[in-house]
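Trainee: These protein sequence lines map, in sequence, to chains A and B.
Each residue of the first sequence is one higher than the one before, counting from 1 in the UniProt record's numbering.
Each residue of the second sequence is one higher than the one before, counting from 1 in the UniProt record's numbering.
One structure, pasted below without further comment.
Number of protein chains: 2
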Amino acid sequence: MNKEVLDGLFRPKSVAVIGASATPGKIGYSVVEALNNGKYEGPIYPINLKADEILGHKAYPSILDLTGKVDLAVITVPAKFVLGSVEECGKAKVKGISIITSGFGEIGDHETENAIVETAHRYGMRVLGPNIIGSLSNSDKLNASFAPTLPLPGDASLISQSGALLIALDAGTYLRGVGFDKLFSLGNMADVDFSDIIEWLDQDERTKCISLYIEGLKDGRRFVDVCKKASKPIIALKSGVSAHGAAAAASHTGSLAGAAKVYGAAFEQAGIIQAQDLNNLFDLTQAFELQPPMKGDHLLIVTNGGGVGVLATDAAERYGIPLEFCPADLQAEMKNYMPEFGSAKNPVDITGGAGLEGYKKCIAFGLQQDWVDGLAVLYCETAMTNPMEIAQGILEAVHQAEENEASKGKPVAVSFVGGEHTAEAMRYLIDHGIPTYDDPARAVNVLGGLRQYARLQEAKANSKNEDGFKADKQAALAIIQAAREDGRDALTEIEAKDVFRAYGLDVTSTRLAKTEDEAVALANKVGYPIVMKIVSPDILHKSDASGVKVNIKDDASTREWFNKIIANAKAYKADANIHGVAIQEMAPLGSEVILGSINDAAFGPTVMFGLGGIFVEVLKDVTFAVTPVSKQQALKMQSDIRGAKILDGARGEKPRDKEAMAITIARYSHMILDLQDEIKESDANPVMVYEDGSGLKVVDARIILKKK
Amino acid sequence: MNKEVLDGLFRPKSVAVIGASATPGKIGYSVVEALNNGKYEGPIYPINLKADEILGHKAYPSILDLTGKVDLAVITVPAKFVLGSVEECGKAKVKGISIITSGFGEIGDHETENAIVETAHRYGMRVLGPNIIGSLSNSDKLNASFAPTLPLPGDASLISQSGALLIALDAGTYLRGVGFDKLFSLGNMADVDFSDIIEWLDQDERTKCISLYIEGLKDGRRFVDVCKKASKPIIALKSGVSAHGAAAAASHTGSLAGAAKVYGAAFEQAGIIQAQDLNNLFDLTQAFELQPPMKGDHLLIVTNGGGVGVLATDAAERYGIPLEFCPADLQAEMKNYMPEFGSAKNPVDITGGAGLEGYKKCIAFGLQQDWVDGLAVLYCETAMTNPMEIAQGILEAVHQAEENEASKGKPVAVSFVGGEHTAEAMRYLIDHGIPTYDDPARAVNVLGGLRQYARLQEAKANSKNEDGFKADKQAALAIIQAAREDGRDALTEIEAKDVFRAYGLDVTSTRLAKTEDEAVALANKVGYPIVMKIVSPDILHKSDASGVKVNIKDDASTREWFNKIIANAKAYKADANIHGVAIQEMAPLGSEVILGSINDAAFGPTVMFGLGGIFVEVLKDVTFAVTPVSKQQALKMQSDIRGAKILDGARGEKPRDKEAMAITIARYSHMILDLQDEIKESDANPVMVYEDGSGLKVVDARIILKKK
């Protein structure tokens with residue numbers, strides 16, 4: 001990231017509007033008007049061939065006529081003039097270009113779009129857009145866009161891939177009371193993309209959290225890296241997660257893949273909180289702006305109504321922070337703050353009778369308890385209470401608690417249900433730093449998000465890959481090269497296993513016997529019982545060719561089956577190129593799992609993990625992780641599948657060796673990442689996983705090469 | 001239902017307030033004030049020992065002093081005086097009593113509560129409460145509660161088991177723009193419950209749909225019956241669906257049960273739409289008030305922003321109405337209504353450039369197409385459009401379309417994203433009958449609800465039990481009686497199968513052999529191969545006692561194993577009461593499924609269905625249905641499990657006989673309902689289901705009796 005250039009693009013000290021217009025209704029007019037209305041304090045240079053002055057600013061025929069320095073040039077001229085304008089900007093030593101004009105990549109003209117970026121880069125400039133609304137920054141009083149107003153001020157920044165949505169959300173910040181410092185429209189992402197802006201925002205002192213509206217990523221791998229490294233919370237709403245919406249994306253992947261699942265996995269690996277819909281994006285943004293992450297699992301709910309208390313309890317389970325009863329000493333103390341028929345268990349129901357004092361005491365006391373990691377305060381408007389007084393009381397109690405060191409760093413979210421007076425009280429709380437919602441489920445949802453963020457941060461901290469194994473990439477490449485020289489895109493099982501072995505995977509020993517005598521010698525080396533399989537690049541489905549025999553126990557049978565298998569193969573396909581017969585160690589039965597790889601359109605090499613049999617075939621019960629996968633992540637993949645209990649030892653069996661499986665997943669992920677230029681797809685199917693401590697065996701391996 | 005009495009309770013022509021007070025802050029004051037503020041037009045009689053007049057109404061020392069007739073008596077006196085007041089009301093020929101006073105069943109005093117109801121019933125009165133807010137009716141200008149105001153007028157009615165929530169929601173109707181005609185607080189439901197009010201509301205001409213907030217039901221079976229019969233849409237928010245929230249409920253059921261799942265199943269059978277949270281309850285209520293059900297699966301989305309279009313597409317899949325592309329002729333026509341770069345596929349993206357005319361043409365045209373069953377219109381506020389003009393245009397187009405017969409009966413929902421002007425436009429649409437939301441996901445969610453309602457109505461119409469089988473209840477009772485006389489609560493397998501057979505279930509033939517010779521004779525009758533099993537009420541786990549042998553093929557082996565099994569049983573438990581050995585037909589292998597029953601605390605006898613093996617044991621992949629289960633519902637249970645594909649014929653196998661399974665489920669449900677006074681729990685495990693057309697076999701049956 002060239003920070004100085006991006007500073008010029010996003011926090012310019014001067015702005016030129018190329019295509020500025022004096023005609024209302026034109027975008028070149030709207031942009032200058034927006035800059036004026038935002039009260040931008042730097043010089044504004046309208047560029048217009050004919051005008052002398054536009055909206056109070058002296059106009060120039062060309063950016064090259066300017067004597068002053070220009071940080072940002074906003075381009076609104078028709079598409080055919082944009083490339084020329086960019087060239088002129090370069091000559092004028094502009095730092096950043098924001099191209100509002102549309103009519104490039106989105107209608108198929110990638111050539112001009114590429115030329116624009118190349119030209120800009122030649123001059124050291126960066127390009128936002130084309131096909132955008134612009135960018136806005138409250139702290140710079142900069143509205144370099146055709147959105148009418150700057151957003152409600154706040155501590156979050158939003159990057160949106162949809163321009164229409166950005167304008168609508170901008171207006172919505174006032175309605176919803178959720179403030180932003182900066183808004184960015186990404187448009188075609190010809191140059192500057194999510195990763196660039198996230199990296200830059202991570203260093204922006206006015207941004208506390210980063211919100212994203214994503215339709216699709218171009219370089220998902222870099223995106224994951226940048227987000228992983230970011231020190232600020234990132235919340236993303238990803239659209240196109242449905243089958244119909246993601247139809248295009250899905251065609252790149254297998255039927256098991258589902259781009260939405262890969263995005264979900266990548267977001268989790270990157271530490272991103274995924275929003276469910278627009279309201280949820282706003283809700284989470286508000287919470288992350290105003291509150292710290294939730295560092296433990298204990299949520300305390302204080303309510304004046306049993307009904308909303310139970311609804312919040314349901315939501316707590318739904319959003320990953322299931323409620324527990326308070327310890328006895330907490331219950332005993334809080335019981336003093338409420339009428340006889342109240343409940344201090346959790347939800348703490350102070351009842352309609354407790355009023356202001358009950359809230360204040362339970363909140364102040366609760367937040368100071370070590371046991372409490374986060375607090376939801378719920379209020380139902382009643383005939384006897386004044387919502388604003390309750391709001392003020394809640395705020396007072398939270399501030400009072402914060403004087404105590406033990407209360408610090410614990411998130412609070414509030415839900416008020418009621419009428420107009422309640423709405424005013426809600427706004428009061430939001431304005432004073434307490435995220436407040438009109439439904440208990442929403443308040444608990446954001447606390448779930450704050451908890452998830454803390455969990456993902458922990459997982460990131462633990463995700464160092466501690467595996468000391470050194471892979472032998474050269475050996476793997478040599479095997480691949482040999483197959484290519486043989487004119488093949490599919491490795492034989494023996495070759496595939498050798499590649500797997502070079503990356504430290506525990507494959508069953510499989511050696512090629514070309515003659516009966518070799519077969520017997522190898523069988524004795526491997527040790528009976530053995531499995532014998534035909535080895536032929538022309539026979540991919542060995543069973544169909546009667547080319548597999550398991551559980552062979554002696555030399556005589558080995559000889560007999562060597563000949564039978566060869567004969568069967570010839571009968572199956574007369575002209576098959578037969579390498580010989582594989583002599584393979586027979587792995588004992590264990591829990592069958594499957595490892596596979598897909599090349600995701602956005603994230604590149606991606607590992608798929610699932611249990612074998614019906615779990616994969618019927619239930620599609622698989623998890624994904626973008627490579628490289630750490631051992632820690634690989635453990636989580638195993639617990640994320642629905643059939644996770646199988647590996648924990650279901651039906652009276654002992655737990656499986658999830659540690660060995662995690663190392664295997666990590667090494668496999670390293671392999672498909674390291675060899676991504678060579679391997680198109682691969683799998684280990686089945687892998688037999690044994691009891692804890694007894695490891696595993698990759699029984700069959702398959703590698704298909706990329707065509708070169 | 002005694003309609004006249006409930007009319008008196010809910011739409012009284014005169015109201016007495018027993019415990020009326022002239023002191024502000026007292027509930028007896030608030031109720032009279034509320035009646036005044038609501039502009040109730042009938043006579044109001046404050047009853048107060050000392051006062052002459054309260055808030056403009058002549059007061060009386062006792063209800064017995066009144067000369068006028070009283071329909072409704074609202075009781076607000078302290079708990080200890082309530083029973084006496086009810087007695088007096090009876091003497092005064094009051095029709096209905098609404099007891100606001102708390103301090104009865106909810107604090108453990110069930111005795112007084114029961115006495116109140118008995119007294120009321122003795123006089124032919126019905127009781128709402130105790131421990132309630134009261135009831136409200138806009139069309140009667142009746143606010144017989146201590147909630148300050150009547151709700152925003154509308155066509156829905158709400159019944160809430162939480163009083164605090166009712167007051168808060170009442171105030172919230174103005175804020176949210178969702179109107180209600182009647183509100184009811186249920187409190188302890190000592191007498192009048194959900195079913196009573198739903199039955200009554202179904203005949204109330206001012207109520208178009210019924211919304212419920214439910215914490216728990218007392219008579220779930222009647223509730224299901226009443227809702228099934230209701231002609232109006234019913235929407236329910238059920239709280240306590242989480243493990244923590246439902247801890248108490250769960251203790252009644254097995255680990256597989258989960259009260260939430262049973263509630264979900266019962267709601268579906270009853271045709272009820274389940275809301276996810278408070279906002280969703282309001283959203284759905286608004287939609288059902290204003291729009292018809294969605295009678296087919298084809299949703300059309302018209303949008304001015306691609307982003308919200310994709311978000312709505314995702315939501316459509318999430319809420320059960322996945323999007324499809326429009327037919328080519330529709331696309332071709334709509335392409336004329338938008339700029340070149342718009343899309344008529346679906347979502348129909350008229351783009352920011354199309355403006356008002358694009359919306360109007362696409363909406364009017366779309367609604368008239370047979371292919372279209374429902375419409376979502378999405379709008380993002382832009383710098384170029386006026387939200388109110390767009391709203392007016394949408395309304396105009398919808399009205400225009402309605403002039404055409406083909407457009408009638410199709411629901412429309414709208415989402416507007418933007419600022420203050422947008423909020424005004426949204427309110428305009430709502431006021432003119434178009435449900436409008438601030439997030440595309442919300443608009444699609446309610447369309448999903450309208451679609452689900454139509455589907456459930458269809459299912460209800462098809463749920464007649466067409467099975468002509470006549471069960472032999474007497475035979476079943478005789479078997480049960482014999483076991484009881486034998487001092488047993490557990491039936492033997494043979495007895496259990498005979499009971500199953502009496503209800504038409506296809507069990508494997510199992511006969512008791514007391515001697516070697518009998519064993520051989522029965523084996524020849526059944527036909528080899530057979531299974532032999534120990535029959536002893538003292539040996540429940542037959543395998544542990546080496547009491548089972550499968551696949552016996554001839555007379556000699558039958559003799560040998562008869563003796564071995566008896567010997568094993570004696571070795572296992574010397575004093576076991578051994579009936580003999582069961583000679584059982586050996587069922588071929590099929591897809592294993594399990595049928596079980598639970599006695600749900602709210603809904604009574606309930607059927608559980610699942611696939612055998614890991615599906616039940618590891619994945620807890622089971623569905624429930626409240627008895628009686630129709631064949632149609634039983635088919636749906638089979639498609640609702642996650643492993644449904646197994647029955648459809650996964651992994652290249654042929655489809656299973658789901659028809660036979662459905663009949664079996666229906667008959668089994670009839671059995672556990674018919675014998676609910678006798679059977680505590682039962683199961684059929686496993687049931688082998690064969691290829692379509694080949695039926696099934698119940699291989700093992702178990703019945704445990706209720707203790708008497």
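All C-beta atoms in this analysis are idealised placements derived from N, C-alpha and C, irrespective of residue type, glycine included.
Keep in mind the model is a prediction, meaning the values are calculated, not measured.
If you follow the beta strand (DSSP E) that Lys182 (chain A) is part of, which residue opens it and which one closes it?
Mentor: Residue mapping note: residue 182 (chain A) aligns to position 182 of the first sequence, counting from 1. Its beta strand (DSSP E) spans residues Phe180 to Ser185.
Trainee: Could you give the first and the last residue of the continuous alpha helix (DSSP H) run that contains Pro537 (chain B)?
Mentor: Working through the second sequence from its first residue, we reach residue 537 (chain B) at position 537. Where Pro537 (chain B) is concerned, there is no enclosing alpha helix (DSSP H), given that its DSSP letter is neither H nor E.
Trainee: Since Gln584 (chain B) is in the alpha helix (DSSP H), which residue starts that stretch and which ends it?
Mentor: The count along the second sequence starts at 1 and reaches residue 584 (chain B) at position 584. Here Gln584 (chain B) belongs to no alpha helix (DSSP H); instead the beta strand (DSSP E) covers Gly580 to Glu585.
Trainee: Assign Ser231 (chain B) to one of two classes, buried (16 or more other C-beta atoms within 10 Å of its C-beta) or exposed (fewer than that).
Mentor: Residue numbering aside, residue 231 (chain B) sits at position 231 when the second sequence is read from its first letter. Counting Cβ neighbours within 10 Å, Ser231 (chain B) comes out exposed, since fewer than 16 surround it.
Trainee: How long is the line joining the alpha carbons of Ala257 (chain B) and Arg656 (chain B), rounded to whole angstroms?
Mentor: As a position in the second sequence, residue 257 (chain B) is number 257, starting the count at 1. As a position in the second sequence, residue 656 (chain B) is number 656, starting the count at 1. With a pLDDT of only 44 at Ala257 (chain B), under the threshold of 50, the placement of this residue in the model should not be trusted; the figure read from the coordinates follows. Ala257 (chain B) and Arg656 (chain B): Cα-Cα distance of roughly 26 Å.
Trainee: Beta-carbon within less than 7 Å of Ile167 (chain A)'s beta-carbon, same chain only, minus the 5 sequence neighbours each way: which residues are those?
Mentor: The count along the first sequence starts at 1 and reaches residue 167 (chain A) at position 167. For Ile167 (chain A), where only same-chain residues beyond five positions count, the Cβ hits under 7 Å are Ile133 and Ala147.
Trainee: Among the candidates B:Leu447, B:Ala144, B:Gly649 and B:Pro588, whose CA atom is the shortest distance from the CA of Val618 (chain A)?
Mentor: The residue given as residue 618 (chain A) occupies position 618 in the first sequence. Among B:Leu447, B:Ala144, B:Gly649 and B:Pro588, the Cα nearest to that of Val618 (chain A) is on B:Gly649.
Trainee: Contact criterion: CB-CB distance below 9 Å. Does Cys89 (chain B) meet it with respect to chain A?
Mentor: Working through the second sequence from its first residue, we reach residue 89 (chain B) at position 89. It does not: the Cβ of Cys89 (chain B) has no partner Cβ on chain A nearer than 9 Å.
Trainee: Specify, as a first and last residue, the run of the beta strand (DSSP E) that Leu72 (chain A) falls within.
Mentor: Reading the first sequence from its first residue, position 72 is the one you call residue 72 (chain A). Where Leu72 (chain A) is concerned, the enclosing beta strand (DSSP E) stretches over Leu72 to Ile75.
Trainee: With DSSP run on the structure shown, which of helix, strand or coil describes Ser14 (chain A)?
Mentor: Residue 14 (chain A) sits at position 14 when you count from the first residue of the first sequence. Reduced to three states, the DSSP call for Ser14 (chain A) is coil.
Trainee: Nearest to Ile614 (chain A) by alpha carbon, out of B:Val581, B:Val377, B:Glu653 and B:Tyr572?
Mentor: In the first sequence, residue 614 (chain A) corresponds to position 614, counting from 1. The shortest Cα separation from Ile614 (chain A) among B:Val581, B:Val377, B:Glu653 and B:Tyr572 belongs to B:Glu653.
Trainee: Go ahead and label Gly179 (chain B) buried or exposed: buried means 16 or more other beta carbons lie within 10 angstroms of its beta carbon, across all protein chains shown.
Mentor: Counted from its first residue, the second sequence places residue 179 (chain B) at position 179. Burial call: buried.
Trainee: Which residues of chain B have a Cβ atom closer than 7 Å to the Cβ of Lys645 (chain A), listed in chain order?
Mentor: Mapped onto the first sequence, residue 645 (chain A) falls at position 645. Here the neighbours are Val618.
Trainee: Are the beta-carbon atoms belonging to Ser682 (chain B) and Ala513 (chain B) less than 9 Å from one another?
Mentor: Position 682 of the second sequence, counted from the first residue, corresponds to residue 682 (chain B). Position 513 of the second sequence, counted from the first residue, corresponds to residue 513 (chain B). Their beta carbons are not under 9 Å apart, which means Ser682 (chain B) does not touch Ala513 (chain B) by this criterion.
Trainee: Terminal residues of the continuous beta strand (DSSP E) containing Ala413 (chain B)?
Mentor: In the second sequence, counting from the first residue as 1, residue 413 (chain B) sits at position 413. It spans Val412 to Val417 - the beta strand (DSSP E) in which Ala413 (chain B) sits, taken as one unbroken run.
Trainee: Applying a beta-carbon distance threshold of less than 9 Å, which residues of chain B neighbour Phe341 (chain A)?
Mentor: Within the first sequence, the letter at position 341 stands for residue 341 (chain A). The answer, in chain order, is Ser102, Gly103, Glu106 and Ile107.
Trainee: Among residues of its own chain, excluding the 5 on either side of residue 712 (chain B), which ones have a beta-carbon nearer than 7 Å to its beta-carbon?
Mentor: Lying before the first or after the last residue shown, residue 712 (chain B) is absent from chain B, which here runs from 1 to 708.
Trainee: I think Lys360 (chain A) touches Glu389 (chain A), with their Cβ atoms under 8 Å apart; what is that distance to the nearest whole Å?
Mentor: Position 360 of the first sequence, counting from 1, holds the residue named residue 360 (chain A). Position 389 of the first sequence, counting from 1, holds the residue named residue 389 (chain A). That pair is no contact at about 11 Å.
Trainee: Under 8 Å by Cβ, that's how I've got Phe603 (chain B) and Val224 (chain B) pegged, so tell me the actual separation to the nearest angstrom.
Mentor: The residue you call residue 603 (chain B) lines up with position 603 of the second sequence. The residue you call residue 224 (chain B) lines up with position 224 of the second sequence. With a Cβ gap of about 7 Å, Phe603 (chain B) and Val224 (chain B) count as contacting.
Trainee: Report all residues from its chain with a CB closer than 7 Å to the CB of Leu311 (chain A); omit the five preceding and five following residues, and keep chain order.
Mentor: As a position in the first sequence, residue 311 (chain A) is number 311, starting the count at 1. Same-chain partners within the cutoff: Pro440 and Ala441.
Trainee: Taking the alpha helix (DSSP H) that Thr422 (chain B) belongs to, which residues open and close that run?
Mentor: Taking the first residue of the second sequence as position 1, residue 422 (chain B) is located at position 422. Thr422 (chain B) -> alpha helix (DSSP H) spans Glu420 to Asp431.
Trainee: Using 9 Å as the threshold, is the C-beta distance between Arg702 (chain B) and Leu491 (chain B) below it?
Mentor: Mapped onto the second sequence, residue 702 (chain B) falls at position 702. Mapped onto the second sequence, residue 491 (chain B) falls at position 491. Taking 9 Å as the Cβ cut-off, Arg702 (chain B) and Leu491 (chain B) qualify as a contacting pair.
Trainee: Determine the DSSP secondary structure at Arg318 (chain A), reduced to helix, strand or coil.
Mentor: Here residue 318 (chain A) corresponds to residue number 318 of the first sequence, with the count starting at 1. Of the three classes helix, strand and coil, the one that applies to Arg318 (chain A) here is helix, per DSSP.
Trainee: Is Ile534 (chain A) closer than 9 Å to Gly547 (chain A) when the C-beta atoms are compared?
Mentor: What you label residue 547 (chain A) is simply residue 547 of the first sequence in a count that begins at 1. What you label residue 534 (chain A) is simply residue 534 of the first sequence in a count that begins at 1. Taking 9 Å as the Cβ cut-off, Gly547 (chain A) and Ile534 (chain A) qualify as a contacting pair.
Trainee: To which residues does DSSP link Pro605 (chain A) through a beta bridge?
Mentor: The sequence position of residue 605 (chain A) within the first sequence is 605, counting from 1. The partner list for Pro605 (chain A) (beta bridge, DSSP) reads A:Asn599.
Trainee: Please list the terminal residues of the continuous beta strand (DSSP E) segment that includes Asp170 (chain A).
Mentor: Counted from its first residue, the first sequence places residue 170 (chain A) at position 170. Segment Gly163 to Arg176 is the alpha helix (DSSP H) holding Asp170 (chain A); no beta strand (DSSP E) there.
Trainee: Is DSSP giving Ser546 (chain B) helix, strand or coil here?
Mentor: Position 546 of the second sequence, counted from the first residue, corresponds to residue 546 (chain B). It is coil, neither helix nor strand.
Trainee: By how many angstroms is the C-alpha of Asn386 (chain A) removed from the C-alpha of Leu356 (chain A)?
Mentor: Here residue 356 (chain A) is taken as the residue at index 356 of the first sequence, counted from 1. Here residue 386 (chain A) is taken as the residue at index 386 of the first sequence, counted from 1. Approximately 9 Å, taken between the alpha carbons.
Trainee: Indicate whether at least one CB of chain B lies closer than 9 Å to the CB of Gly610 (chain A).
Mentor: Residue 610 (chain A) sits at position 610 when you count from the first residue of the first sequence. For Gly610 (chain A), the answer is no, since every Cβ of chain B falls outside 9 Å of its Cβ.
Trainee: I'd like to know if Phe146 (chain A) contacts chain B, where contact means its C-beta is closer than 9 Å to some C-beta of that chain.
Mentor: Taking the first sequence and counting its residues from 1, the one referred to as residue 146 (chain A) is at position 146. It does: the Cβ of Phe146 (chain A) has a partner Cβ on chain B nearer than 9 Å.
Trainee: Within the continuous beta strand (DSSP E) that includes Ser135 (chain A), where are the two ends?
Mentor: Indexing the first sequence from 1 puts residue 135 (chain A) at position 135. Looking at the DSSP string, the run of the beta strand (DSSP E) that includes Ser135 (chain A) is Gly134 to Ser137.
Trainee: For Ser162 (chain B), which residues in chain A fall below 7 Å Cβ to Cβ?
Mentor: Locating residue 162 (chain B) in the second sequence gives position 162, where the first residue counts as 1. Ordered by position in chain A, the residues that pass the 7 Å Cβ test against Ser162 (chain B) are Gly305, Gly306 and Gly307.
Trainee: So for Ile641 (chain B), helix, strand or coil by DSSP?
Mentor: Here residue 641 (chain B) refers to the residue found at position 641 of the second sequence. Coil.
Trainee: Alpha carbon to alpha carbon, how far is Lys295 (chain B) from Pro233 (chain A)? Give it in angstroms, no decimals.
Mentor: Residue 233 (chain A) sits at position 233 when you count from the first residue of the first sequence. Residue 295 (chain B) sits at position 295 when you count from the first residue of the second sequence. Spanning the two alpha carbons is a distance of roughly 44 Å.
Trainee: Kindly indicate which three-state DSSP category Asn524 (chain A) falls into: helix, strand or coil?
Mentor: If you number the first sequence from 1, residue 524 (chain A) lands on position 524. If DSSP states are grouped into helix, strand and coil, Asn524 (chain A) belongs with the helices.
Trainee: DSSP state of Ala337 (chain A), grouped into three classes?
Mentor: Counting from 1 along the first sequence, the entry for residue 337 (chain A) is found at position 337. The question names Ala, yet the displayed sequence has Tyr at residue 337 (chain A). Of the three classes helix, strand and coil, the one that applies to Tyr337 (chain A) here is coil, per DSSP.
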